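Every position in the sequence shown, counted from 1, becomes a number in the working numbering once 16 is added.
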Amino acid sequence: MSAQTENPIPANLEEGYVAVIDKPLEWTSTDVVRKIKFALRRAGYPKIKVGHAGTLDPLATGILLVCIGKATKQVDSLQAEEKEYVADLMLGATTPSFDLEHPVDKTYPTEHITREAVLEALQSLTGERLQLPPLYSAKKIEGVRAYELARAGEEVELRMAPIHIYEIELLEYEMPRIRIRVRCSKGTYIRSLAGEIGEALHSGAHLTSLRRTRSGGFSLDKAYDLQTFLEKIGKSETK
């Protein structure tokens, strides 16, 4: 079933609606919220509240839950739910952001890495544990985003945070690239996980793509393309 039949848009959006949006590449989560809010105002909702439940990096795509009207009260509970991602990793190289936002800064050998070693590394990183957020992240330090401090060249000290990785499945193995599916708790940074996988393999790694395929009970096959959703609420334009 499509998003239209599975999660139809109500006649009065003020009463509350959770829009399941497939976030476009290079858009921030705030970009998506701002665009939807503008479309809603043009459609006759001048003061409607809009917020998202779980940030996606600009270089990530997939499910972004956008809460509209009274559904904004659900943001915290929706954010707390389990997430699922599909990620592509390049082994043998790192970047400061653990993704393609920055160029490669270090390279490492990969000749020793086997499929069995990858499976063992993935298994070792599952379960409940602490994780250090990436330097270039939306984590706030005294009210300022970590990535803002990092980009300004200031020293950033981040704290380890508890996470739970329920499952990591190896989907593809084609050295030096691998594809994985990750089922995890709120607060898990897949970019940090990429770095941890590199370390566990006595090498390095960074993300080359990331897609959120599920958030709680919402799956990607039920998501709206952003442009389609804008058209549905009476506004169609590009960023």
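Glycine residues also receive a C-beta, built at the ideal position from the N, C-alpha and C atoms. Given the structure is predicted, the values throughout are model-derived calculations rather than measurements.
Closest by C-alpha distance to Leu-146, out of Arg-50, Leu-107, Cys-200, is Cys-200.
Distance from the CA of Ala-55 to the CA of Leu-246, rounded to the nearest whole angstrom, comes to 7 Å. If one requires a minimum length of 4 residues, the alpha helix (DSSP H) runs lying completely within the region 182 to 218 are 206 to 216, in chain order. Using a 10 angstroms sphere on the CB of His-128, the tally of other CB atoms stays under 16, which defines it as exposed. Its Cα nearest to that of Val-66, the residue Val-34 stands out among Val-34, Leu-105, Ser-235. DSSP, read as helix, strand or coil, puts Phe-234 in strand. When secondary structure is reduced to three states using DSSP, Leu-80 falls in the strand class.
Selection Glu-97, Gly-85, Asp-237 evaluated against Ala-27 yields Gly-85 as nearest (Cα-Cα). By the neighbour-count definition (other C-beta atoms within 10 Å, threshold 16), Thr-123 is an exposed residue. DSSP, read as helix, strand or coil, puts Arg-131 in helix. With contact defined as three or more Cβ pairs closer than 8 Å, the region 190 to 197 and the region 96 to 107 are in contact. Per DSSP, Ala-103 is not a residue of any alpha helix (DSSP H); the beta strand (DSSP E) it occupies stretches across 99 to 107. The Cβ-Cβ distance between Asp-115 and Asp-73 falls below 9 Å. Counting of Cβ neighbours within 10 angstroms places Leu-187 among the exposed residues, the total staying below 16.
The continuous beta strand (DSSP E) containing Val-34 extends over residues 33 to 39. Following the DSSP letters along the chain, one finds Val-66 in no alpha helix (DSSP H) but inside the beta strand (DSSP E) bounded by residues 66 to 68.
When DSSP states are grouped into helix, strand and coil, Glu-30 belongs to the helix group. The Cβ atoms of Leu-75 and Cys-83 do not sit closer than 9 Å to each other. Using a 10 angstroms sphere on the CB of His-68, the tally of other CB atoms reaches 16 or more, which defines it as buried. Counted as a single uninterrupted DSSP element, the alpha helix (DSSP H) harbouring Arg-57 occupies residues 45 to 58.
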